[in-house]
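Peer 1:
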Ligand SMILES: Cc1cc2nc3c(=O)[nH]c(=O)nc-3n(C[C@H](O)[C@H](O)[C@H](O)COP(=O)(O)OP(=O)(O)OC[C@H]3O[C@@H](n4cnc5c(N)ncnc54)[C@H](O)[C@@H]3O)c2cc1C
Ligand code: FES
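Residue numbers (the working numbering): 105 to 585.
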């Protein structure tokens, strides 16, 4: 399963891997949209920047995004209003700053930025109620949304919210360009260079398999933070979801649509080819679906039935991390750790907010501060207020932990793929046997039958059939058995 965006960008830049020790002002770990933006802003401000990427530029969530750069974000604003009303406007302002930056950057650098309306629609009475709450939150935040009874979809809806003047992008093209500009401004990017450990202190040291980099500051732009310091994994829910691309006769939709009801349906045309329809949805907590393949098949079947499209051009999956109560976490890994920084919890809205996070992290290191900064701080009072909700997330995680170990110990499955025994051993059927115990904090991995990977149901670490780390908070592979 490969993202449509990689097919659209066949000639991608390749960076070397890190083979020698280095010293610099800032190490940025991760070259998704957040890491690339942070690196560019810091390099342009004259900092010496080293970017360490475990795979390649935009290989993570940024490579699998649907790329809507929107301030209308499903039901997110009403969620924030419910829990952190004092930061509703700040959150919207942060997103507006990120959106403005992306748009201006695209215009200046020739990357396509399509202006589109964003539409969130409801198909059920419950969804309509949610949408009305979202309308109130948008109005309170100063967003000029309008109620729309016919958002131009080939099925009945009960109502929709429309916000004009939003944008859609090819996030791989954008991130590649930002990374290239960061290099032009003096940053050094290393790919296939996984960070295994970061020693904190007044001058942190970042360790990879081959080399060490010491720096004044380290930014963990790794999706979910790879360090357990700060316990972000316990405040985040990893959510995997799916997307499919189809050829159509002309544009199938004229806006960026998102259902407020479940299962989620996200629609847009591709960029720049508007005769390709992108359909997303069917999200679930990573490692907790009965069958990931069924999720993809269901999405394909829905799209074919609804839009009368043919075979998919591409089908893929990606994951993002939901914060406990709406606001992302951007800032220090711990309040007293001055030199380690994180950005996470975008909850599938990390385009505008991802760019804003990059701007905010660069500002933090350059001694500047945007007016909206407090709304998305990692350790501000609203973030701490999430503790109760985090306890609920962890109760579920605890149940998953127990379930995994017990079911592996009792498993009578004869045929792989399966996780069996005590301690659990994972066998995919290609002859490789690896430990079934996640190297992050000991969860028992589950087989992902769509992507042929081992996914951890606790905090979303994912491993290839041979045990290599793909993503998530784990940094070490599953051991060979
Ligand atoms: C299906 C889907 C659709 C989405 N659609 C939208 C949308 O339409 N609009 C929107 O605003 N948002 C959307 N999002 C969310 C958005 O795509 C993400 O929030 C955003 O891309 C996150 O960017 P990032 O840079 O934080 O993470 P990533 O892009 O995941 O980048 C993190 C990078 O860190 C690297 N890394 C990780 N660990 C290490 C390590 N130990 N050493 C070195 N490197 C490491 C990874 O390889 C990766 O390249 C969507 C998300 C999903 C899952
Ligand atoms: S991701 Fe935390 S235990 Fe597996």
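Here a beta-carbon is modelled for each residue, glycine too, at the ideal position from N, C-alpha and C.
(1) Under 7 Å: does the beta carbon of residue 540 sit that close to some heavy atom of ligand 2?
(2) Count the other CB atoms within 10 Å of the CB of residue 259; is the residue buried (16 or more) or exposed (fewer)?
(3) For ligand 1, is there any heavy atom lying closer than 7 Å to the beta carbon of residue 455?
(4) Are the stretch 375-389 and the stretch 229-242 in contact at 8 Å, needing three or more beta carbon pairs?
(5) In terms of residue numbering, what span does the beta strand (DSSP E) encompassing residue 346 cover?
(6) How is the beta strand (DSSP E) around residue 128 delimited, first residue to last?
(7) Compare the C-alpha of residue 263 against each of 224, 279, 271 and name the closest.
(8) Using the beta-carbon of each residue, find all residues closer than 7 Å to any heavy atom of ligand 2 and list them in chain order.
(9) For residue 266, collect the residues of the same chain with a Cβ closer than 6 Å to its Cβ; drop the 5 residues on either side in sequence, then sort them by chain order.
(10) In chain order, what are the residue ranges of uninterrupted alpha helix (DSSP H) at least 4 long that sit wholly in the stretch 328-416?
(11) Thinking C-alpha only, which one of 283, 442, 122, 328 is nearest residue 148?
(12) For residue 459, I'd like the list of residues in its chain whose CB is within less than 6 Å of its CB, leaving aside the five on either flank, ordered along the chain.
(13) Would you mind giving the Cβ-Cβ distance between residue 586 and residue 568, rounded to the nearest angstrom? I have them listed as a contact below 8 Å.
(14) Which two residues bound the contiguous beta strand (DSSP E) that contains residue 316?
(15) Which whole runs of the alpha helix (DSSP H) in the stretch 138-183 are 4 residues long or more, in chain order?
(16) Taking only runs that begin and end inside the stretch 222-294, name each unbroken alpha helix (DSSP H) of 4 or more residues, in chain order.
(17) Pull the bridge partners of residue 445 from the DSSP assignment, please.
(18) Who are the near neighbours of residue 281 in its chain, counting only those whose CB is closer than 6 Å to its CB and skipping five residues on each side?
(19) Check residue 190 in the structure and name its three-state DSSP category.
(20) Specify the secondary structure class of residue 300 as computed by DSSP and reduced to three states.
(21) Which complete beta strand (DSSP E) runs does the stretch 532-560 hold, if anything under 3 residues is left out?
(22) Could you compute how far the alpha carbon of residue 364 sits from the alpha carbon of residue 418?
(23) Since residue 479 and residue 191 are thought to touch, with beta carbons under 8 Å apart, how far apart are those beta carbons, to the nearest angstrom?
(24) Which one of 131, 130, 111, 137 has the shortest CA to CA distance from residue 454?
(25) Using the beta-carbon count (16 or more within 10 Å), is residue 331 buried or exposed?
(26) Looking only at its chain, what residues have a beta carbon closer than 6 Å to the beta carbon of residue 309, apart from the 5 residues adjacent to it on each side?
(27) Thinking residue 438 and residue 334 are a contact (beta carbons under 8 Å), I'd like their distance in whole angstroms, please.
(28) Say the cut is 7 Å; is the CB of residue 121 nearer than that to a heavy atom of ligand 1?
(29) What residue range does the beta strand (DSSP E) around residue 479 cover?
(30) Say yes only if the C-beta of residue 133 is nearer than 7 Å to one or more non-hydrogen atoms of ligand 1, and no if none qualify.
(31) Under three-state DSSP, which class holds residue 215?
(32) Taking just the CA atoms, how far does residue 322 sit from residue 199?
(33) Just how far apart, CA to CA, sit residue 269 and residue 122?
(34) How about residue 325 and residue 161: are their beta carbons less than 8 Å apart?
(35) Could you name the residues of the same chain whose beta carbon sits closer than 6 Å to that of residue 217, not counting the 5 residues immediately before and after it, in chain order?
(36) Can you grab the Cα-Cα spacing for the pair residue 556 / residue 340, in whole Å?
Peer 2: This is what the structure holds:
(1) Of the heavy atoms belonging to ligand 2, none sits nearer than 7 Å to the Cβ of residue 540.
(2) Residue 259 should be labelled exposed.
(3) Answer for residue 455: yes, Cβ within range of ligand 1.
(4) The answer is no - the stretch 229-242 does not touch the stretch 375-389, with fewer than three Cβ pairs under 8 Å.
(5) Residue range 340-351 is occupied by the beta strand (DSSP E) that includes residue 346.
(6) It spans 126-133 - the beta strand (DSSP E) in which residue 128 sits, taken as one unbroken run.
(7) Checking every option, the nearest Cα to that of residue 263 belongs to 224.
(8) Listed along the chain, these residues meet the criterion: 337, 542, 544, 545, 546, 547, 560, 562, 563, 564, 565, 576, 577, 578.
(9) Closer than 6 Å at the Cβ level, and outside the excluded window around residue 266, lie 221, 223, 250, 252.
(10) 396-411, all fully within the stretch 328-416.
(11) Closest in alpha carbon position to residue 148, among 283, 442, 122, 328, is 283.
(12) The beta carbon of residue 459 sits closer than 6 Å to those of 141, 202, 205, 206, all from its chain and outside the five residues before and after it, given in chain order.
(13) Given a span of 105 to 585 for the chain in the structure shown, any question on residue 586 remains unanswerable.
(14) Note, residue 316: beta strand (DSSP E), 316-324.
(15) The qualifying runs are 165-168.
(16) Fully enclosed alpha helix (DSSP H) runs of 4 or longer: 229-244, 275-288.
(17) Residue 445 is bridged to 323, 436.
(18) Taken in chain order, the residues that qualify are 213, 215.
(19) In the structure shown, residue 190 sits in a helix (DSSP, three-state: H, G or I).
(20) Strand.
(21) Every beta strand (DSSP E) of 3 residues or more that sits fully in the stretch 532-560 is shown, in chain order, as 537-539, 550-552, 557-559.
(22) For residue 364 and residue 418, the gap between their C-alpha atoms comes out near 25 Å.
(23) About 4 Å; that satisfies the 8 Å criterion.
(24) When only C-alpha atoms are compared, the closest one is 137.
(25) Residue 331 sits buried, since 16 or more C-beta atoms from the chains shown fall within 10 Å of its C-beta.
(26) Contacts found: 303, 316, 318.
(27) Indeed, because the Cβ distance is near 5 Å, the residues count as touching under 8 Å.
(28) Between ligand 1 and residue 121, a heavy atom-to-CB distance of less than 7 Å is absent.
(29) That residue, residue 479, is in no beta strand (DSSP E); it is neither H nor E in DSSP.
(30) Under cutoff, so the answer is yes.
(31) Residue state for residue 215 is assigned as coil, using DSSP reduced to three classes.
(32) Cα to Cα, residue 199 sits roughly 24 Å from residue 322.
(33) In this structure, the straight-line span from the alpha carbon of residue 269 to that of residue 122 is close to 42 Å.
(34) Pairing residue 325 with residue 161 gives a Cβ-Cβ distance that is not under 8 Å.
(35) Result list for residue 217: 207, 210, 271, 273, in chain order.
(36) So the two alpha carbons sit approximately 24 Å from each other.
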